[in-house]
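Participant:
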Amino acid sequence: MTEDENAHLLPYARRDDFKVGRATDLSGNRRFFYRLLEILPGAASWGALIGVVLLSNYAPVVAAYFVIAFAIFWVMKTAFLSYHLRFNWKRLRHNLKIDWAKMLESFRYNHLYQIVILPFYKEPAEVVQNSLEALTKVNYDPKRIIVVLAGEERAGAEAVTLAKQMKERFGGQFADFLTTVHPKDLPGEIPGKGSNAAYAAEQVRVEILDKKGIKYTEALVSIFDIDTVLYPEYFNCLVWHFLTAKNPLKTSFQPVPVFNNNIWEVPAVARVVAMSSTFWEMVQQERPERMVTFSSHSVVFQALYEVGYWQTNMVSEDSRIFWNLLIANNGDYSVVPLSYPVSMDANAAPTFWGTIVQIYKQHRRWTYGVENLSYLLYHFYQNKKIPLGKRINIALQQAEGYWSMVTNPIMLFILGWTPIYLGGVEFHQTVLSYNLPIMIRDLLIIAMFGLVISSIISLTMIPEKPKDRSRFNYIVMAVQWVMVPATMIIFSAIPGLDAQTRLMFGKYMGFWVTPKSRKS
Amino acid sequence: MEPIIEPLSKQHRGFIFNTLLVLFVILVPALIFYAMGYRYSVIEDIPVILVTGGLYVTSDLADSAIFIDDKEITNARVFRKASYVQGLNPGLHRVSVQALGYHTWVKELWVNQQRVVEMEAFNLPEVPHLRPVTKYLAAKIPVYFVATSSLSTSTEEIDREELVPIFSTATSTIAYQILSDKVATSTLETNEEFILLEKLFAERSSTTAKLKEQEKEIKETEEGTFGFATASVEMPAVVATSVATTAGIKEEEIATSTVIADKMMLYKEGDDVWAQALGSGRQVPYYFCSNLVATTTSSYQYEIEEFVLDNDEEGLFLEDKGNTLATTGERSFVNNGCRTDIKIDRQNREVLDFQFFPTSNNLVLLLREDGLFVTEIDDRSWQNTQPVYYGESLEMVIYRGGIFIKDGEYIFEIITALENNQ
């Protein structure tokens with residue numbers, strides 16, 4: 002890009018390495034450094050797991066001490082996170098009852114536009130239609146809503162046709178209804194949501210904002226998955242938070258993704274995994290200093306424009322955009338939790354095993370967000386204008402998060418028993434070796450008490466059961482949480498380790514589109 | 124209505140975090156010390172920290188009661204059929220496992236600080252339970268033939284036992300018929316199992332006879348015409364026969380009176396039977412590597428009732444005249460702190476045959492001149508010996524995990540576990 006083309010970018014965002022996607026995008030020492038950072042997360046995770054095994058073999062007593070301490074840590078962590086979850090649950094329920102329009106009465110906000118970008122690929126018409134219908138029902142002036150249905154050229158003519166049909170059907174109800182077709186095989190791009198959304202955002206700027214003279218600071222961009230169904234007060238809630246934020250132009254806004262669209266149709270394992278993701282986001286909403294944007298989120302157009310929109314050359318664009326914004330703004334950027342839900346689809350395929358595979362792939366893509374750790378560490382090293390304390394704090398938080406997500410479930414539920422199996426004859430005769438499994442089991446039972454809280458909360462968050470479902474399904478909904486130890490390993494730790502290992506070996510992942518479907 | 128817009132305040136979260144952190148710092152050392160065997164106690168108003176040990180007792184009897192130092196253990200951690208008791212003061216502890224209708228098993232072992240002593244109990248029925256195997260069956264029911272004159276009297280139960288002597292001191296596990304010896308056998312089914320077992324017994328007898336010949340030769344060679352008292356003896360040729368058991372343990376009988384099962388071997392040396400551990404590391408049973416209770420240098424023997432506390436409390440400790448406890452008081456060959464061989468005490472009786480107990484390599488079936496007995500290899504403090512079936516000139520065959528005895532003309536299977544522990 003030329004200097005003129007870059008003029009709108011923040012100074013740091015003009016660097017040629019600002020939008021690095023992988024080590025191969027760089028050269029020389031920078032490439033080598035970035036490659037080391039890509040290796041780091043996988044090496045740390047594998048090192049910990051192998052270390053526990055080796056420790057169990059060569060120093061089983063020390064390994065037993067570690068396992069006991071770790072199990073106690075897990076109980077404390079579960080209690081800590083459950084406390085946050087419960088508080089956010091109360092906040093969520095409260096925020097759902099609030100009349101946000103009334104909250105806005107004392108504010109001037111009619112000048113604000115809502116740009117809703119809906120990237121889609123080959124999703125069925127019902128899915129697209131549901132999302133657009135929900136948009137027509139939100140409690141917000143539809144003439145202040147600009148809808149962008151962002152299709153992909155590589156999806157073929159059917160997608161183009163679908164977009165046209167949706168425009169015909171819904172176009173008149175909004176201020177604008179723009180359909181875009183993201184060209185395929187653009188140089189330097191990875192096909193996916195990020196590149197599609199970036200293309201769509203630029204089209205909106207040129208075709209609508211500039212033509213209509215809409216200020217970039219008065220346009221809030223919400224990027225949603227195509228299956229996202231909005232609750233009626235979403236935009237009012239968003240606007241209220243925007244107008245009351247300390248620094249609204251340096252803030253992203255994060256709702257809570259709930260996967261309620263098809264919750265009664267999917268297998269129990271899909272429900273548990275989906276709700277676990279929701280709960281994790283709810284916990285994070287109570288720890289805003291650790292929050293990173295995830296999936297559906299909102300941000301003012303100006304902020305996006307200053308960093309050149311979402312990155313087009315990597316997978317986890319939803320969280321990367323936050324790091325772009327944080328680093329480009331020299332650390333002066335934050336996320337405000339809305340504690341307000343948006344509803345999406347739980348991952349499901351026509352067959353049970355298909356669902357398992359899909360969930361695994363989706364979570365592997367999500368946990369591939371570890372590529373952001375390399376990115377932020379790299380730029381934290383480069384950008385000395387970000388306060389050192391903040392850089393260290395964030396780096397440690399993020400590193401711990403990716404490491405613990407992968408190692409903790411495996412260490413707890415599997416490796417906790419390795420001292421017993423590998424400890425040798427001498428260790429096997431000690432009281433410690435006999436008490437170890439008893440103690441771990443008892444501590445895990447205490448930790449599992451948190452599942453009771455999850456179960457109760459989940460029952461209050463699901464929609465009414467369909468009439469053709471028996472009440473027995475509520476019992477299933479409550480009891481299904483016993484699967485958590487297994488889902489934590491199979492759909493969190495293992496895909497996370499898979500993703501980190503791929504990154505470690507330079508087997509970069511592409512964007513995998515989660516298939517969406519609806520039972521008619 | 125004001126929204127609860129703010130997340131948890133940093134102070135609030137900090138308070139929760141610090142509280143849990145303090146809890147963590149307290150719990151980690153406390154639980155680690157507890158797991159290692161440390162216990163807080165108050166002795167004579169003085170708080171003390173005791174360093175305790177544990178016992179791990181396995182038993183095949185689901186309804187058995189475990190006593191440690193004559194107190195029944197009710198809060199043991201049960202792993203399948205094992206019980207783990209912790210918090211024991213270091214020192215000598217007596218463990219007994221008992222159940223109604225079964226012989227009592229007793230051990231006295233030293234518990235060390237922070238160490239768990241393992242032991243495996245076994246309890247055989249006090250009254251032998253036999254499954255008769257007869258040559259003929261009537262509608263699948265075993266048939267015994269007796270002289271017609273014997274049948275002329277009443278056929279009440281007690282008379283039936285007299286007619287079939289093996290059931291005078293044992294119980295049959297299935298119904299059987301008694302018929303006159305005048306009944307034509309052509310009307311009955313031939314029992315294939317009996318035919319097979321007869322063959323096995325015949326083979327066994329032949330092998331045993333050969334072994335005795337070989338042992339005699341070895342003995343004569345040892346004594347020798349050249350007076351070489353320590354002359355090396357060439358072992359006779361090995362003849363291997365595989366015998367499969369229901370436990371899947373493959374036993375090889377080598378014609379030098381040796382039985383091998385997994386990593387254990389039984390062999391005869393002179394008149395004594397020895398057990399040898401063939402494996403290494405964790406494959407060697409724990410009792411080969413544990414410290415023995417100090418014993419005298421000569422063999423001695425106890426009747427178990429000498430260890431029974433005279434106690435009026437019903438069921439506290441069953442008297443058991445059948446089980447005998449014996450120890451040789453000797454230490455056998457030592458290898459890297461573990462012994463490799465343990466002598467099986469035969470209580471000065473001649474051993475006619477020996478095998479591993481079908482479901483346990485830690486137990487030995489000894490066919491002695493006075494009957495069939497089970498003796499444990501674990502000789503820490505002593506070896507429990509429990510009778511299976513009394514008799515003289517018995518023959519024994521292990522077939523598909525079953526113990527078959529030939530007592531005169533009678534062949535039967537010994538059932539060592541009662542149904543539903545009755």
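Protein chains in written order, with our numbering: chain X, 2 to 521; chain L, 124 to 545. C-beta atoms are modelled at their ideal positions from N, C-alpha and C, and glycine is treated no differently. Since the model is a prediction, treat every value here as computed from it, not as a measurement.
Of the residues that make up the stretch 41–71 of chain X, which ones have a beta carbon closer than 8 Å to any beta carbon in chain L?
Facilitator: The residues in question are A65, Y66, I69 and A70.
Participant: Excluding sequence positions up to five away, which residues of its chain have a Cβ less than 8 Å from the Cβ of L/Y512?
Facilitator: Excluding positions up to five away in sequence, the list reads P251, L253, A293, G494, L495, I528, D530 and I537.
Participant: So, do the stretch 137–147 of chain L and the stretch 171–180 of chain L have three or more beta carbon pairs nearer to each other than 8 Å?
Facilitator: Flag = no, the stretch 137–147 of chain L and the stretch 171–180 of chain L do not touch.
Participant: In whole angstroms, what separates the C-alpha of L/S219 from that of L/P510?
Facilitator: Between L/S219 and L/P510, the C-alpha separation is close to 17 Å.
Participant: Compare the C-alpha of X/G172 against each of X/L133, X/M462, X/G195 and X/R392 and name the closest.
Facilitator: Of X/L133, X/M462, X/G195 and X/R392, the residue nearest in Cα terms is X/L133.
Participant: Thinking C-alpha only, which one of X/L10, X/F67, X/L55 and X/A45 is nearest X/L413?
Facilitator: Minimum Cα distance to X/L413 is reached at X/F67.
Participant: So, is X/H112 buried or exposed, given that buried needs 16 or more other C-beta atoms within 10 angstroms?
Facilitator: It is exposed - the Cβ of X/H112 has fewer than 16 other Cβ atoms within 10 Å.
Participant: State buried or exposed for X/I99, treating a residue as buried only when at least 16 other CB atoms are found within 10 Å of its CB.
Facilitator: X/I99 is buried by the Cβ-count criterion.
Participant: DSSP three-state label for X/P597, please.
Facilitator: With chain X covering only 2 through 521, there is no way to say anything about residue 597 of chain X.
Participant: Less than 8 Å separating the beta-carbons of L/I191 and L/H226?
Facilitator: For L/I191 and L/H226, no; Cβs fall outside 8 Å.
Participant: Output the distance between the C-alpha atoms of L/E249 and L/G210, rounded to the nearest integer angstrom.
Facilitator: Taking the straight line joining both Cα atoms gives about 33 Å.
Participant: Look up X/S459 in the DSSP assignment and give the residues it is bridged to.
Facilitator: Answer by DSSP bridge pairing: none, since X/S459 is not bridged.
Participant: Where are the beta strand (DSSP E) runs, 3 residues long or more, that stay fully inside the stretch 289–362 of chain X, in chain order?
Facilitator: Complete beta strand (DSSP E) runs here, min 3: 298–301 and 335–344.
Participant: Quick one: measure Cβ to Cβ for X/Q204 and X/P338, integer angstroms, because I've assumed they're closer than 8 Å.
Facilitator: Incorrect: roughly 30 Å between the Cβ atoms, too far for contact.
Participant: Judging by CA-CA distance, which residue of X/A246, X/R31, X/N325 and X/Q115 is the nearest neighbour of L/E129?
Facilitator: That would be X/A246, whose Cα lies nearest to the Cα of L/E129.
Participant: Provide the residue span of the beta strand (DSSP E) that contains L/I467, from first to last.
Facilitator: D464 to I467 is the span of the beta strand (DSSP E), which, as asked, contains L/I467.
Participant: Which residues of the stretch 383–405 of chain L have a Cβ closer than 9 Å to any Cβ of chain X? Give them in chain order.
Facilitator: Cβ contacts with chain X come from G404 and R405.
Participant: Looking at X/P464: is its Cβ nearer than 8 Å to the Cβ of X/N248?
Facilitator: Going by C-beta atoms, X/P464 is not nearer than 8 Å to X/N248.
Participant: So which residues on chain L does X/L437 lean against when the C-beta distance must stay under 8 Å?
Facilitator: A158, listed in chain order.
Participant: Using the beta-carbon of each residue, which ones in chain X are nearer than 7 Å to L/R523?
Facilitator: Neighbours of L/R523 on chain X: none; closest Cβ ~32 Å, over 7 Å.
Participant: Would a check of beta-carbon distances place X/H85 closer than 8 Å to chain L?
Facilitator: At least one chain L Cβ lies under 8 Å of X/H85.
Participant: Based on the DSSP secondary-structure assignment, which residues constitute the bridge partners of L/G525?
Facilitator: DSSP output for L/G525 lists L/Y522 as bridge partner(s).
Participant: Tell me which residue opens and which closes the alpha helix (DSSP H) that X/I224 is part of.
Facilitator: Per DSSP, X/I224 belongs to no alpha helix (DSSP H); it is in the beta strand (DSSP E), A220 to I224.
Participant: Have a look at L/V151 and X/F71 and give me their C-alpha separation to the nearest angstrom.
Facilitator: Roughly 9 Å separates the two Cα atoms.
Participant: Helix, strand or coil: which one does DSSP assign to L/S182?
Facilitator: Three-state result, L/S182: coil.
Participant: Counting only Cβ pairs nearer than 7 Å, list the residues of chain X close to L/R238.
Facilitator: Those within 7 Å of L/R238 in chain X are Q430, T431 and V432.
Participant: Hey, quick one: how far does the beta strand (DSSP E) through X/W418 stretch, first residue to last?
Facilitator: Taken as a continuous stretch (DSSP letters only), X/W418 belongs to no beta strand (DSSP E), as it is neither H nor E.
Participant: Taking C-beta pairs closer than 8 Å, name the residues in chain X that L/P213 reaches, listed in chain order.
Facilitator: In chain order: nothing, as chain X lies at least about 11 Å away.
Participant: Run through the stretch 425–469 of chain X for me and flag every whole alpha helix (DSSP H) of 4 or more residues, listed as ranges in chain order.
Facilitator: You should have 425–429 and 432–462.
Participant: For X/L397, is the classification buried or exposed, using 16 other Cβ atoms within 10 angstroms of its Cβ as the cut-off for buried?
Facilitator: Its Cβ having fewer than 16 others within 10 Å, X/L397 is exposed.
Participant: How close, in whole Å, do the beta carbons of X/P289 and X/S335 come, if the pair is a contact with beta carbons under 8 Å?
Facilitator: Correct: roughly 7 Å between the Cβ atoms.
Participant: Using a Cβ-Cβ cutoff of 9 Å, what residues of the stretch 402–433 of chain X are near chain L? List them in chain order.
Facilitator: Within the stretch 402–433 of chain X, the residues whose Cβ lies closer than 9 Å to some Cβ of chain L are G425, V426, H429, Q430, T431, V432 and L433, listed in chain order.
Participant: Decide if L/S291 is buried, meaning its Cβ has at least 16 other Cβ atoms within 10 Å, or exposed.
Facilitator: That one is exposed.
Participant: Start and end of the beta strand (DSSP E) containing X/H183?
Facilitator: Looking at the DSSP string, the run of the beta strand (DSSP E) that includes X/H183 is D177 to H183.
Participant: Give me, in chain order, the residues of the same chain whose beta-carbon lies closer than 8 Å to that of L/D304; leave out the 5 immediate sequence neighbours on both sides.
Facilitator: Within the same chain, L/D304 has close Cβ partners F268, V269, A270 and T271.
Participant: In the DSSP assignment, find the unbroken beta strand (DSSP E) run with L/A205 in it and report its ends.
Facilitator: Start and end: A205 to L211.
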